[in-house]
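Residue numbers (the numbering used here): 637 to 737.
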């Protein structure tokens, strides 16, 4: 009996898609040296930046403009977090990838 939830086929599709979304990605999107440099700064940053897909423990959006993502979430009916951890204020100068390594 469906009480406003998913039907059996919908539930199977949901689980299948969730498993695909959060599956382990064996290959990084950067070279080993870049990963190691980021990992020396912060393990979580290295994982989020260097591997594709969502990270199930925090679902960090992969973006260079987290403020824009926050505003878009509300537009799509997703309640964004009240506070974003880490630096988010606009910068006076551009930051390049080489500055971070």
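Just so you know, even glycine gets a beta-carbon here, dropped at the ideal spot from N, CA and C.
Here the structure is a predicted model, which means the values were calculated and not measured.
Check	Outcome
Element boundaries [alpha helix (DSSP H), containing residue 659]	That residue, residue 659, is in no alpha helix (DSSP H); it is neither H nor E in DSSP.
Contact check, residue 665 vs residue 686, beta carbons under 9 Å	yes
Pairwise C-alpha distance: residue 674 and residue 646	40 Å
Buried or exposed by the 16-neighbour rule on C-beta atoms within 10 Å, applied to residue 644	exposed
Nonlocal neighbours in the same chain, by C-beta distance under 6 Å from residue 689, ignoring five residues either side	661
Residue 705 versus residue 654 - alpha carbon distance	21 Å
Three-state class that DSSP yields for residue 714 in the structure shown	coil
Per-residue burial, residue 718 [other beta carbons within 10 Å of its own, 16 or more giving buried]	exposed
Per-residue DSSP class, three states only, for residue 650	helix
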